[in-house]
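Novice: Be aware that the sequence shown starts at 780, since it is given in my numbering, and climbs by one per residue.
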Amino acid sequence: MAGSTQEAFLKRVRSALSNHTQPTDLPSALDVARVIQPGGDVVALFLARVEEAKASPHRVRDEAELAEKIASIVREAGGRTALVPGEAMPARDQIIARLQADGIQLLDPDDPDAAFVADVGITAASAAVAETASMSLTSGDGRRRLASLAVPCHIGIVRAEQIVPDLLDWAEKHETPPQANEVLVSAPSKTADIELSLVMGVHGPRYEHVVVLG
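Here you go:
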């Protein structure tokens, strides 16, 4: 009896295997895990998510407009001092000239105390993520971490082509080896207590502006 049962079972297995069809092409693990599908308007999505995160999104067409927009943000923030690190950033010279024309005092980016007295810090992102409204800010090459962390108002500059759909794309294109320090900034600094009282600017900038170039 046992032998016949075993043979019947194996017969069913052989029959099932003989009638198999060609396997369907399955999506990659990256495609399965992806939250934001490629092909859409990632810049528009990024700007929308930035606004949802309680930061202030801006978009400009060229470097001249970028310099004017940043000067406008500084004026509206009531800023009198600004910190512009020596890093590579779009329109850096134009930004400096425009701020100086407005009478904004530019502090020494190599002074470690400058960020604690500056009204505004201006830095450039190394990448940006539409899904989370994040800017990737790294150290090294003239960048100053405190220019984005210690100031009450931070302005981050992002080139449109730097924006990727989600964190999976960011990780795939991530610089190897990474810089000594890297943070993903998605909004102004926020904290809340058990009663859900939200306080802005406790651990970092109270105001976060994101300017997309392009």
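Note that CB positions come from ideal geometry on N, CA and C, so glycine has one too. Please read all numbers here as calculations on a predicted model, not as lab measurements.
How is the alpha helix (DSSP H) around Ala876 delimited, first residue to last?
Specialist: Per DSSP, Ala876 belongs to the alpha helix (DSSP H) from 871-880.
Novice: Looking at the strands, I want to know which residues DSSP matches up with Leu885.
Specialist: According to DSSP, which records beta bridges pairwise, Leu885 is partnered with Ala861.
Novice: Could you name the residues of the same chain whose beta carbon sits closer than 8 Å to that of Pro984, not counting the 5 residues immediately before and after it, in chain order?
Specialist: Counting only Cβ-Cβ distances below 8 Å, and skipping sequence neighbours, we find Gly900, Ser927, Leu928, Val930, Pro931, Cys932, His933, Pro967, Ser968.
Novice: Please check the pair Ala907 and Ala870, which I expect to be a contact at CB under 8 Å, by giving their CB distance rounded to whole angstroms.
Specialist: Not confirmed; about 17 Å, so no contact.
Novice: Please classify Thr911: does DSSP put it in a helix, a strand, or coil?
Specialist: Coil, per DSSP.
Novice: Does Glu940 pass the burial test, meaning 16 or more other C-beta atoms within 10 Å, or should it be called exposed?
Specialist: Its Cβ having fewer than 16 others within 10 Å, Glu940 is exposed.
Novice: Can you look up Ile934 in the DSSP assignment and give me helix, strand or coil?
Specialist: It is a strand residue.
Novice: For Ile883 and Gly858, which I take to be in contact (beta-carbon distance under 8 Å), what is that distance rounded to the nearest angstrom?
Specialist: About 6 Å; that satisfies the 8 Å criterion.
Novice: Taking its Cβ as the centre, do 16 or more other Cβ atoms sit within 10 Å of Pro836, making it buried, or is it exposed?
Specialist: The residue in question, Pro836, is buried, as its Cβ has 16 or more Cβ neighbours within 10 Å.
Novice: Just the C-alpha distance for His982 and Val822, rounded to the nearest angstrom, thanks.
Specialist: In a straight line, the C-alpha of His982 is about 28 Å away from that of Val822.
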